[in-house]
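Residue numbers (this note's numbering): 1279 to 1446.
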């Protein structure tokens, strides 16, 4: 056995790494579709995939774990360089993107983003409520407006939607 292979084998044995078994690790940082983790032994590994491949593709589903939380890893290749996160204890965000469609649940902001290339649900709801507040009601005696108490309730409703829906 050559020296690099012997070192690799010794590391695998020292870490208790078996390519057929799951590995528990702590998330140190997140970088787009990968993360850096710390194994129980203290060894730090970077470029651990959060999705099947490392890419910046517009078509992906990704669960981003919270920094400091535990994750379960397996190796797709049997090598330490082929590690992928398969289970997370604490989720920071979940996102699904397909072409111009985007759905994101962000645990940091507590908001949901649902949009496509032309529309954003949060912005649409806000625009709708603004239009209702400014509506002119035609009556037999001429144009009228929405009652101030109703406008106040619509403003409260818009504020509540903005705490849930991202309008960006």
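Glycine included, C-beta positions come from ideal geometry on N, C-alpha and C.
Per-residue DSSP class, three states only, for residue i
i, result
"residue 1397", "coil"
"residue 1291", "helix"
"residue 1306", "strand"
"residue 1436", "helix"
"residue 1441", "helix"
"residue 1282", "helix"
"residue 1299", "coil"
"residue 1319", "coil"
"residue 1426", "helix"
"residue 1311", "coil"
"residue 1404", "helix"
Nearest-angstrom beta carbon gap, residue j and residue i [assumed within contact, 8 Å]
i, j, result
"residue 1305", "residue 1315", "6 Å"
"residue 1326", "residue 1312", "6 Å"
"residue 1402", "residue 1436", "At roughly 12 Å, the Cβ-Cβ gap does not stay under 8 Å, so residue 1402 and residue 1436 are not in contact."
Local Cβ density within 10 Å of residue i, reported as buried at 16 or more and exposed below that
i, result
"residue 1343", "buried"
Inter-stretch contact (C-beta, 8 Å, three-pair minimum) for the region 1392-1402 and the region 1373-1382: Contact holds: three or more Cβ-Cβ distances are below 8 Å.
Enumerated in chain order, which unbroken segments of the beta strand (DSSP E) with a length of 3 residues or greater are wholly contained in the region 1328-1390? Those beta strand (DSSP E) runs which fall completely within the region 1328-1390 and span 3+ residues are 1338-1343, 1348-1353, 1361-1366, 1369-1376 and 1379-1384.
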